[in-house]
Structure formats: structure tokens, C-alpha cells
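Colleague: The sequence shown begins at 1 in UniProt numbering and counts up one residue at a time.
Yeah, the Cβ is synthetic: ideal placement off N, Cα and C, and Gly gets one too.
Predicted, not measured: the structure shown is a model, and the values here were computed from it.
Here it is, the structure, as C-alpha cells.
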Amino acid sequence: MAFSDFEPDAEGVRLQKVLSQAGVASRRVAEKMIRDGRVEVDGQVVTELGTRVDPTAAVIRVDGARVTVDDSRVYLALNKPRGVHSTMSDDRGRPCIGDYVEHRVRGDAKLFHVGRLDADTEGLMLLTNDGELAHRLMHPSYQVPKTYVATVLGSVPRGLGKKLRDGVELDDGPAKVDDFAVVDAVPGKSLVRVTLHEGRKRIVRRMLAAVGFPVQELVRTDIGAVALGEQRPGSIRALSRKEVGELYKAVGL
Numbered sequence: 001m002a003f004s005d006f007e008p009d010a011e012g013v014r015l016q017k018v019l020s021q022a023g024v025a026s027r028r029v030a031e032k033m034i035r036d037g038r039v040e041v042d043g044q045v046v047t048e049l050g051t052r053v054d055p056t057a058a059v060i061r062v063d064g065a066r067v068t069v070d071d072s073r074v075y076l077a078l079n080k081p082r083g084v085h086s087t088m089s090d091d092r093g094r095p096c097i098g099d100y101v102e103h104r105v106r107g108d109a110k111l112f113h114v115g116r117l118d119a120d121t122e123g124l125m126l127l128t129n130d131g132e133l134a135h136r137l138m139h140p141s142y143q144v145p146k147t148y149v150a151t152v153l154g155s156v157p158r159g160l161g162k163k164l165r166d167g168v169e170l171d172d173g174p175a176k177v178d179d180f181a182v183v184d185a186v187p188g189k190s191l192v193r194v195t196l197h198e199g200r201k202r203i204v205r206r207m208l209a210a211v212g213f214p215v216q217e218l219v220r221t222d223i224g225a226v227a228l229g230e231q232r233p234g235s236i237r238a239l240s241r242k243e244v245g246e247l248y249k250a251v252g253l
């Protein structure tokens, strides 16, 4: 859908039409959403069905989640395979995430990758040409949580989660997790889930090593409301309207 599809006149486009063409709901359901007070335009609740907006400029939210109507914006989720570098190109010819997305981007849009994963780590990476969203998702002040699943050697003792939540001292300062859980255990190995909003280099590996459990394998499974789910390594998908809205909400856009 391009902006020309909205065919705005001097007074803008009817709000229910914008919602319908953005894929939020049918026009009839969108009208009910407006009447029920579920739609905001530029921070104000709108209940009048005759309301017209400029879809290229208005900030529209439904149930608090922002609606994206700019079809030049690209929002992708990649399951970065192990051994792939978190760069859009590599002058040494090593495999990088740019190899996976070059045919998925319309036009010459420049993609930003949200954060980095070291080459030995698999998992979720977000890519977008929405520079402000990418910047806020990476900025520590917005505290967007990221979840990892790590395989470590040995049996994890009770109390390790509390120790990590309280914080451990690293060579570049203290660090702590938001949540920690043992997911599974077999003789000689444990699978643990770690959630944190830290963005320092190799932070999960360094924290677990600091408490005596060096990471053998590591996968990032979630960034905010976006989950890796059943995506195979190397696969890429467009984020849903709901996922994009939740990311906007998480960083105050």
C-alpha cells in the first residue's frame, strides 16, 4: 500500500479508511473502534466518524499501540545463524546479516540492525529503516528487555538466579539480569533462560562465566514483544502490525 492509495484531499482522509487500509480492521470494525474511544490521533482520543487525518503525518494509535501507515518503512526479524557476523557487509568476505536481507528490501532503503550478536551466538535480530525506532530500541534508557537461552556445563545451584539479579562485577562495571530461570537439565548440562536490558558486548557470556558457568551455546529468543518462535536459522520475516506497534509503545513513540 502506498500513500497514493489514501487519495487525500485538502482536508485529509477519513480516519476509518486509514485504519482499514493500514490493515487494522475492516472499515465497519474500524468505525466501531472509533466510536468506542479506542483510537487516538496525535495523543487525543477521537470518537467522531467524520474525522479526517493526514496519514503521512498523524500519529495514530489503537488501544495504545501505534499504527504504521508508511509503507516505505521496513521491519524485519532475522534468525541469525551461528557463524554469521552482525554487519550489513564484510570487507573480509565473511558471512554477514547483509547476505540474508539484500533481496528483501524495497528500493535503496538503508537498514539498521538493532544491537549486535557475536558470531558464535544465534538468534533474533531486528532490522529496520526506521532510524529513530532502531536508536531507541538500542538505547539503555528505554530498558527494552532481551531474552536469551544458554547451554552451560554442570548443574545450576539454587541461588544462582538471585546472585545474577543482585548483580555481578565485571571488568567494565557491575551487571545484573532482570530474570533468570533453569529451563531444562540433563546430566552434565543445563539450559537456562536469561532476560536483561543490558547492551554491553558479550554481556550474557561474561556474566555467566563470572559465576562459574561458561556458555557453550547461546540463542537470543526475544527482543521486547518480538519473539523468535519457530523461525529457522537464516530465515527472515516481516514483523506484524501488532509487533511494530508494541515496539513503538516500548520506546515511547
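What are the residues that DSSP puts in a beta bridge with Met125?
Modeller: Start at 1 with the first residue of the sequence shown, and residue 125 comes out as number 125. According to DSSP, which records beta bridges pairwise, Met125 is partnered with Leu78.
Colleague: Could you work out which residue in Leu127, Arg66, Gly93, Leu137 is closest to Ala238 when comparing CA atoms only?
Modeller: On the sequence shown, residue 238 is found 238 positions in, with the first residue counted as 1. Of Leu127, Arg66, Gly93, Leu137, the residue nearest in Cα terms is Leu127.
Colleague: Using the three-state DSSP reduction, which class does Ile203 fall into: helix, strand or coil?
Modeller: Sequence index remark: in the sequence shown, residue 203 carries index 203 (1-based). Ile203 falls in the helix class under three-state DSSP.
Colleague: Alpha carbon to alpha carbon, how far is Val219 from Leu124?
Modeller: One-based indexing of the sequence shown puts residue 219 at position 219. One-based indexing of the sequence shown puts residue 124 at position 124. Taking the straight line from one Cα to the other gives about 8 Å.
Colleague: Contact between the stretch 180-188 and the stretch 226-244 is defined here as three or more beta-carbon pairs at a separation below 8 Å; is this criterion met?
Modeller: Flag = no, the stretch 180-188 and the stretch 226-244 do not touch.
Colleague: Which of helix, strand or coil does DSSP assign to Val69?
Modeller: Counting from 1 along the sequence shown, the entry for residue 69 is found at position 69. Coil.
Colleague: May I ask you to verify whether the stretch 28-41 touches the stretch 75-90, counting CB pairs closer than 8 Å and requiring at least 3?
Modeller: The stretch 28-41, when compared against the stretch 75-90, does not touch it at the 8 Å Cβ threshold.
Colleague: Run the CB neighbour count on Arg232, radius 10 Å, all protein chains shown included, and call it buried at 16 or more, exposed below.
Modeller: Sequence index remark: in the sequence shown, residue 232 carries index 232 (1-based). So Arg232 ends up on the exposed side.
Colleague: Report the partner residues of Phe180 according to the DSSP bridge assignment.
Modeller: The residue you call residue 180 lines up with position 180 of the sequence shown. DSSP output for Phe180 lists Val194 as bridge partner(s).
Colleague: Check whether the stretch 150-161 and the stretch 241-253 are in contact - that is, three or more C-beta pairs closer than 8 Å.
Modeller: Judged by Cβ distances under 8 Å, the stretch 150-161 makes no contact with the stretch 241-253, as fewer than three pairs qualify.
Colleague: Nearest to Leu196 by CA position, among Gly159, Pro214, Val215, Ile223, is which residue?
Modeller: Position 196 of the sequence shown, counted from the first residue, corresponds to residue 196. Taking only the C-alpha atoms, the option nearest Leu196 is Ile223.
Colleague: Relative to the alpha-carbon of Ala227, which residue among Arg61, Val41, Gly161, Tyr148 has its alpha-carbon at the smallest distance?
Modeller: Along the sequence shown, one-based indexing puts residue 227 at 227. It is Tyr148.
Colleague: Which same chain residues end up closer than 7 Å to Arg165 when comparing Cβ atoms and leaving out the 5 residues on each side of it in sequence?
Modeller: Locating residue 165 in the sequence shown gives position 165, counting from the first residue. Counting only Cβ-Cβ distances below 7 Å, and skipping sequence neighbours, we find Lys176, Val177, Phe180.
Colleague: Three or more C-beta pairs closer than 8 Å, one from the stretch 57-67 and one from the stretch 82-96: is that the case here?
Modeller: No, because fewer than three Cβ pairs between the stretch 57-67 and the stretch 82-96 fall closer than 8 Å, the two stretches do not touch.
Colleague: Would you mind giving the Cβ-Cβ distance between Leu117 and Lys146, rounded to the nearest angstrom? I have them listed as a contact below 8 Å.
Modeller: For this step, residue 117 is matched to residue 117 along the sequence shown. For this step, residue 146 is matched to residue 146 along the sequence shown. Actually they are not in contact, since the Cβ atoms of Leu117 and Lys146 sit about 10 Å apart, beyond 8 Å.
Colleague: Rounded to the nearest angstrom, what separates Val45 and Glu198 at their Cα positions?
Modeller: In the sequence shown, the residue the question calls residue 45 occupies position 45. In the sequence shown, the residue the question calls residue 198 occupies position 198. So the alpha carbons of these two residues sit roughly 35 Å apart.
Colleague: Quick one, which of Leu247, Arg241, Glu246 has its alpha-carbon nearest Ser20's?
Modeller: Counting from one through the sequence shown, the residue named residue 20 turns up at place 20. If we check each option's Cα against that of Ser20, Arg241 comes out closest.
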